[in-house]
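In what follows, a structure is listed as structure tokens, so that the remarks can point back to it.
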Amino acid sequence: MCCDRKGRSATRSLKTEFLLMGVVLVWGANYTVSKYGILELTPEMFTFLRFAIVFPLLLLAVLWKERSLAIERRDILRLVFTGLVGIAIYQTLFMTSVKYTSATHSSLMIALSPIFTGILAIIGGQEKFTWRVQAGSLISFLGAAAVIGLGDEGVSFYSRSFFGDMMGLLAAFFWGWYPVLAAPLVRKYSSLRVTAWSSVVGVLALLLMNIHQFSRTSWHWHVMTWASLFYSAILVTVYGLVAWYYGVSQIGPTKVMVYMYAIPLVAILVAAGVLHEAINSWQIIGALVILAGITIVKTEGKRNAAVSTHPSMGRGRREL
Numbered sequence: 037m038c039c040d041r042k043g044r045s046a047t048r049s050l051k052t053e054f055l056l057m058g059v060v061l062v063w064g065a066n067y068t069v070s071k072y073g074i075l076e077l078t079p080e081m082f083t084f085l086r087f088a089i090v091f092p093l094l095l096l097a098v099l100w101k102e103r104s105l106a107i108e109r110r111d112i113l114r115l116v117f118t119g120l121v122g123i124a125i126y127q128t129l130f131m132t133s134v135k136y137t138s139a140t141h142s143s144l145m146i147a148l149s150p151i152f153t154g155i156l157a158i159i160g161g162q163e164k165f166t167w168r169v170q171a172g173s174l175i176s177f178l179g180a181a182a183v184i185g186l187g188d189e190g191v192s193f194y195s196r197s198f199f200g201d202m203m204g205l206l207a208a209f210f211w212g213w214y215p216v217l218a219a220p221l222v223r224k225y226s227s228l229r230v231t232a233w234s235s236v237v238g239v240l241a242l243l244l245m246n247i248h249q250f251s252r253t254s255w256h257w258h259v260m261t262w263a264s265l266f267y268s269a270i271l272v273t274v275y276g277l278v279a280w281y282y283g284v285s286q287i288g289p290t291k292v293m294v295y296m297y298a299i300p301l302v303a304i305l306v307a308a309g310v311l312h313e314a315i316n317s318w319q320i321i322g323a324l325v326i327l328a329g330i331t332i333v334k335t336e337g338k339r340n341a342a343v344s345t346h347p348s349m350g351r352g353r354r355e356l
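Just so you know, we're using the working numbering here: the sequence shown kicks off at 37 and counts up by one.
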């Protein structure tokens, strides 16, 4: 009986590892795949169509798993604001960054989101101020400065790449803010339910943003545009979220977060192989510095979580 339990546990663990590695590969490759989608679509239109496909599937997933979609009236305002920040604003900025800068730069800018989460959680009173978090934040920002300023193009305030890098940093800020805003909701409802309803809010906001484009949009797109759109909707969002939450339920958020460190590496390798993006030594050093800073912040987060009696939402969910 004991051996049977161990065997089932090992099989479940292997399944979890396989699913999470799939998430890393899918999310890392998304920086390259998304570039094909915005050759014919604007970032905001691509984002709207992606989540128009996604939100009914997420609602069905919640209904199937939890048998309820209910949100209390007093939580609706926070949910609306959370959806605007985490879906409408972040996702549009993310796609804008992907459009204007390299996949390498974009992935490294978005990787800074846990740093913003740490800072904003302190400002919002969800975590205590520590010099360790501030030191890690400063180290990561120095790494980002190296990536932006010492890349192949150098610093040009009027270049497309610089604009894309700034959009990436701004996207990282909003993606870092998202879990801070969502934390009170996640304590009350599941992460999947909050994400599903956030997607509904995001789609409605994006519909208003894009309504003037419908009459001018040609729906006869290249097959790569359609492939990119459905890749982002089905694999990145639906598969990625379901596998992510399954992993959290099986091995816990701390162990799952370790996989997130591999996403920029996958993004850089895929971009180099498919888009032939060049990488110089300063960018590699900057990337390592960014990851070192994130490691410092996350280590402090784990220490705080160990002594805290209140549940909190995991940091650094990316590239949804």
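Think of the CB as a built atom: it goes at the ideal place given N, C-alpha and C, for glycine as much as any other residue.
Source: prediction; values computed, not measured.
In this structure, Met245 sits near Glu80, with a CB-CB distance shorter than 7 Å.
In this model, Tyr281 and Ile332 are separated by some 24 Å (Cα to Cα).
Within 10 angstroms of the beta-carbon of Phe54 lie fewer than 16 other beta-carbons, which makes it exposed. In the three-state reduction of the DSSP assignment, Ala147 falls in the coil class. For Lys135, the three-state secondary structure derived from DSSP is helix.
Remark: fewer than three beta-carbon pairs, one from each stretch, lie closer than 8 Å, so the stretch 95 to 105 and the stretch 60 to 71 are not flagged as touching. Cβ atoms of Gly322 and Gly154 stay farther apart than 8 Å, at about 20 Å.
The C-beta separation of Met145 from Ser70 comes to about 14 Å, leaving the pair out of contact by the 8 Å criterion. For Gly309, there is no enclosing alpha helix (DSSP H), as DSSP gives it neither H nor E. Between Thr83 and Thr118, the C-beta spacing is not below 7 Å. Excluding its 5 nearest sequence neighbours in each direction, Gly200 has C-beta neighbours in its own chain below 6 Å: Ser133, Tyr136, Thr137, listed in chain order. Of the candidates Lys224, Phe250, Thr253, Trp262, Lys224 places its Cα closest to the Cα of Ile112. Taking the C-beta atoms as reference points, Val116 is found no nearer than 7 Å to Arg229. Taking the Cα of Ser173 as reference, the smallest distance to any Cα among Ser149, Arg196, Gly161, Lys164 is reached at Ser149. The residues Gly64, Ala65, Thr68, in chain order, have a CB closer than 7 Å to that of Val306 in the same chain once the five nearest residues on each side in sequence are set aside.
Cα atoms of Val259 and Ile74: separation of roughly 13 Å, rounded to the nearest angstrom. Contact check for Tyr295 against Leu50 fails: the beta carbons are separated by 7 Å or more. Bounds of any alpha helix (DSSP H) do not take in Lys164, whose DSSP letter is neither H nor E. Around the C-beta of Ala124, 16 or more other C-beta atoms lie within 10 Å, and the residue is accordingly described as buried.
Residue environment analysis places Phe250 among the exposed positions, since fewer than 16 neighbouring C-beta atoms fall within 10 angstroms of its C-beta. Per DSSP, the unbroken alpha helix (DSSP H) holding Trp213 starts and ends at 196 to 224. Excluding five sequence positions before and after Ile315, the CB atoms of its chain that fall closer than 7 Å to its own CB belong to Thr140, Ile304, Ala308, given in chain order. DSSP places Thr78 in no alpha helix (DSSP H); its state is neither H nor E.
Where Thr273 is concerned, there is no enclosing alpha helix (DSSP H), because DSSP gives it neither an H nor an E. Excluding five sequence positions before and after Phe91, the CB atoms of its chain that fall closer than 6 Å to its own CB belong to Ser235, Val236, Val239, given in chain order. In chain order, Leu129, Thr132, Ser133 place their CB closer than 6 Å to the CB of Met203, counting only its own chain and leaving out the 5 sequence neighbours on each side. In this structure, Glu313 is the residue among Glu313, Leu85, Val59 with its C-alpha nearest to the C-alpha of Ser197.
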